[in-house]
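Colleague: My structure is below; once you've seen it, I'll send some questions.
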Amino acid sequence: MTTPEGSGTPTSPTLTPAGEGSPELLALLAEIAAKVPPACERFAEAKDLAQLEEFRIEVLGKKGVLTEMNARMGALTPTEKPIAGKLLNNHKAQVIHALNARKDALEAAALANSLQAESVDVTLPGVRPRSGHLHPITQTTLEIVKIFQGMGFRVESGPEIETEWFNFEALNVPADHPARDMQDTFYTERNCVLRTHTSPTQLRSMMRIAPPLAVITTGRVFRCDSDATHSPMFHQMEGLYIDRKVSMAHLKGVLNEFIRAYYGPNIKTRFRPSFFPFTEPSAELDIQSDVVRGGWMEVLGCGMVHPTVLRNAGLDPAEWSGFAFGLGIDRLAMIKYGINDIRLLTENDMRFLRQF
Ligand code: DAH
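All residue numbers for the sequence shown refer to my numbering, where the first residue is 2 and numbers rise by one.
Here is the structure:
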């Protein structure tokens, strides 16, 4: 009988001359020849690590082919045992080598796959986080406030629920004045209204701060009115300047300065006589605007504070005089941004708001 030579190179059972050895040995050798090479080939076919493990168990597991062949060595003669043992060990080494080769290949492929799948293309453009911004009304308000602060006006505020006295009486709006009409004014409880304008803060400021004073107020006002150009809630800005010997020239100077700062230096303004119960004389300020194709457009009401209003605030009209003005912030924003429907400003439609 030929002894298998060299390690790692399993000797083919065919090298054992036929007829030599016990029938058990011959059967075992035949089985090794029949089963080991296909097992090695099978490892090479495993499509993933899980399947490779299945195959491993089939060959090397407790009930595996090789294990079973190992058990059958017990039936061999003492001289045959080492021959078969060595042969079997050599084949086992071959099997394990094939198994490990496939395992390495599958692991390398899995790693390459996951690297490929998880790869990040750092040259792709980034996703810019969308940042919020102030509402166009707030932007407009802040812009207006900044201009007046630059001229020395300080910011005051007043309540949105106002007494009838502050909202009307004190401003020289008599009880039968149409502005008080139930259809225009939201009445809350007795003697209280949702302020219909920011003008009541004129009184509150004069009663709180000793003259001379220069104040502005911005805030929400309410009127029972609703269409494309009127909203039941809108925003106004009020201005008041009180000092000795204030004239209409001061009023014009301040308001022209404001309009030029807000709309640009070349905008044309004109003061048109008007009427408000709380100012005398009263005027409306128009600007020449592209919005109305160069026509004139009204932007605010103004005038010299009425003596009755000064008296209502406890000031002596013989000593103190002043001017006041009020404008609609929504309207200013609409003119500036070309918005044609006031309702867009309160609908909170992001497609609209994102444009500012
Ligand atoms: N309060 C007026 C309004 O709601 C606007 C106004 C006009 C305010 C003339 C003033 C003023 O201070 O002098 O329409």
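Glycine is no exception: its CB is placed at the ideal position from the N, C-alpha and C atoms.
Only a predicted model underlies this, so the values are computations on that prediction, with no experimental measurement involved.
1) Determine the contact status of Glu239 and Gly327, defining contact as a CB-CB distance below 7 Å.
2) Go ahead and pull the three-state DSSP assignment for Pro233.
3) Who are Arg273's beta bridge partners in DSSP?
4) Pull up the distance between the alpha-carbon of Ala51 and that of Phe44, whole angstroms please.
5) Given that a residue counts as buried once 16 or more other Cβ atoms are within 10 Å of its Cβ, and exposed if not, what is Gln237?
6) Report, in whole angstroms, the separation of the C-beta atoms of Ser206 and Leu214, which I expect to be a contact under 8 Å.
7) Any chance the CB of His178 is under 6 Å from a heavy atom of ligand 1?
8) If you measure between the beta carbons of Ala284 and Ser290, is that distance less than 7 Å?
9) Would you identify the three-state DSSP class for Arg355, choosing helix, strand or coil?
10) Using 6 Å as the cut-off, classify the Cβ of His198 as near or not near the heavy atoms of ligand 1, replying yes or no.
11) Does the beta carbon of Ala325 fall short of 6 Å from some heavy atom of ligand 1?
12) Taking 6 Å as the line, does the beta carbon of Thr280 fall inside it for any heavy atom of ligand 1?
13) Do you know offhand how far Met335's Cα is from Pro212's?
14) What I want to know is whether the C-beta of Gly304 ends up closer than 6 Å to one or more non-hydrogen atoms of ligand 1.
15) Could you have a look at Val128 and say whether DSSP puts it in helix, strand or coil?
16) DSSP on Gly159, reduced to helix/strand/coil?
17) From which residue to which residue does the beta strand (DSSP E) around Ile217 run?
18) Per DSSP, which one or two residues make a beta bridge with Ala325?
19) Between the C-alpha atoms of Phe223 and His231, what's the straight-line distance to the nearest angstrom?
20) Run through DSSP, which three-state label would Glu144 get?
21) Cα-Cα, which of Ala229, Ser322, Pro278 is closest to Met249?
22) May I have the straight-line CA-CA distance separating Leu107 from Asp350, to the nearest angstrom?
23) Could you check where the alpha helix (DSSP H) with Val174 kicks off and where it finishes?
24) Taking 6 Å as the cut-off, does the CB of Phe277 come closer than this to any heavy atom belonging to ligand 1?
25) Can you tell me the Cα-Cα spacing of Leu256 and Ile210, whole angstroms?
26) Assuming Val194 is part of the beta strand (DSSP E), what are its boundary residues?
27) Quick check on Met208: does DSSP put it in helix, strand or coil?
28) Taking 7 Å as the threshold (C-beta atoms), are Lys36 and Val66 in contact?
29) With DSSP as the reference, please indicate the residues paired to Tyr188 in a beta bridge.
30) When we look at the beta-carbon of Val229 and count the other beta-carbons within 10 Å, is it buried (16 or more) or exposed?
Modeller: Well, looking at it:
1) Numbered from 1 along the sequence shown, position 238 holds the residue referred to as residue 239. Numbered from 1 along the sequence shown, position 326 holds the residue referred to as residue 327. Their beta carbons are under 7 Å apart, which means Glu239 touches Gly327 by this criterion.
2) Within the sequence shown, numbered from 1, the residue matching residue 233 stands at position 232. In the structure shown, Pro233 sits in coil (DSSP, three-state: anything other than H, G, I, E or B).
3) Here residue 273 corresponds to residue number 272 of the sequence shown, with the count starting at 1. Glu285.
4) If you number the sequence shown from 1, residue 51 lands on position 50. If you number the sequence shown from 1, residue 44 lands on position 43. Looking at the two C-alpha atoms, the distance is approximately 11 Å.
5) Numbered from 1 along the sequence shown, position 236 holds the residue referred to as residue 237. By the neighbour-count definition (other C-beta atoms within 10 Å, threshold 16), Gln237 is a buried residue.
6) Within the sequence shown, residue 206 is the residue found at index 205, counting from 1. Within the sequence shown, residue 214 is the residue found at index 213, counting from 1. Going by Cβ atoms, the distance from Ser206 to Leu214 rounds to 6 Å, so yes, they are a contact pair.
7) Within the sequence shown, the letter at position 177 stands for residue 178. No.
8) Start at 1 with the first residue of the sequence shown, and residue 284 comes out as number 283. Start at 1 with the first residue of the sequence shown, and residue 290 comes out as number 289. Going by C-beta atoms, Ala284 is not nearer than 7 Å to Ser290.
9) As a working mapping, residue 355 is identified with position 354 in the sequence shown. Here Arg355 sits in coil by DSSP.
10) As a working mapping, residue 198 is identified with position 197 in the sequence shown. It does: the Cβ of His198 is within 6 Å (strictly closer) of some heavy atom of ligand 1.
11) Working through the sequence shown from its first residue, we reach residue 325 at position 324. Yes, ligand 1 has a heavy atom inside 6 Å of this Cβ.
12) For the purposes of this step, residue 280 is taken as the residue at position 279 of the sequence shown. True, at least one ligand heavy atom lies under 6 Å from that Cβ.
13) Within the sequence shown, the letter at position 334 stands for residue 335. Within the sequence shown, the letter at position 211 stands for residue 212. Going from the Cα of Met335 to the Cα of Pro212 covers about 35 Å.
14) Within the sequence shown, numbered from 1, the residue matching residue 304 stands at position 303. Yes, since a heavy atom of ligand 1 falls inside the 6 Å radius drawn around the Cβ of Gly304.
15) For the purposes of this step, residue 128 is taken as the residue at position 127 of the sequence shown. In the structure shown, Val128 sits in coil (DSSP, three-state: anything other than H, G, I, E or B).
16) One-based indexing of the sequence shown puts residue 159 at position 158. The answer is coil: DSSP assigns Gly159 none of H, G, I, E or B.
17) Within the sequence shown, numbered from 1, the residue matching residue 217 stands at position 216. Its beta strand (DSSP E) spans residues 214-223.
18) For the purposes of this step, residue 325 is identified with residue 324 of the sequence shown, where counting begins at 1. According to DSSP, Ala325 bridges with Leu241, Gly304.
19) Within the sequence shown, the letter at position 222 stands for residue 223. Within the sequence shown, the letter at position 230 stands for residue 231. Rounded to whole angstroms, Phe223 to His231 spans 10 Å at the Cα level.
20) Here residue 144 refers to the residue found at position 143 of the sequence shown. In this structure, Glu144 counts as helix in the three-state DSSP scheme.
21) Mapped onto the sequence shown, residue 249 falls at position 248. Closest option to Met249, Cα to Cα, is Ser322.
22) Reading the sequence shown from its first residue, position 106 is the one you call residue 107. Reading the sequence shown from its first residue, position 349 is the one you call residue 350. Note on geometry: alpha-carbon atoms of Leu107 and Asp350 lie some 55 Å from one another.
23) Mapped onto the sequence shown, residue 174 falls at position 173. Premise fails: Val174 is in no alpha helix (DSSP H) and is neither H nor E.
24) As a working note, residue 277 is residue 276 in the sequence shown. Yes, the Cβ of Phe277 comes within 6 Å of a heavy atom of ligand 1.
25) For the purposes of this step, residue 256 is identified with residue 255 of the sequence shown, where counting begins at 1. For the purposes of this step, residue 210 is identified with residue 209 of the sequence shown, where counting begins at 1. Taking the straight line from one Cα to the other gives about 23 Å.
26) Within the sequence shown, numbered from 1, the residue matching residue 194 stands at position 193. Counting along the chain, the beta strand (DSSP E) containing Val194 begins and ends at 193-195.
27) Within the sequence shown, residue 208 is the residue found at index 207, counting from 1. Met208: helix per DSSP, three-state reduction.
28) Here residue 66 refers to the residue found at position 65 of the sequence shown. Here residue 36 refers to the residue found at position 35 of the sequence shown. Yes, the pair counts as a contact, with Cβ atoms nearer than the cut-off.
29) As a working note, residue 188 is residue 187 in the sequence shown. Paired residues: Val194.
30) In the sequence shown, residue 229 corresponds to position 228, counting from 1. Looking at the sequence provided, one finds Ala at residue 229 rather than Val. That one is exposed.
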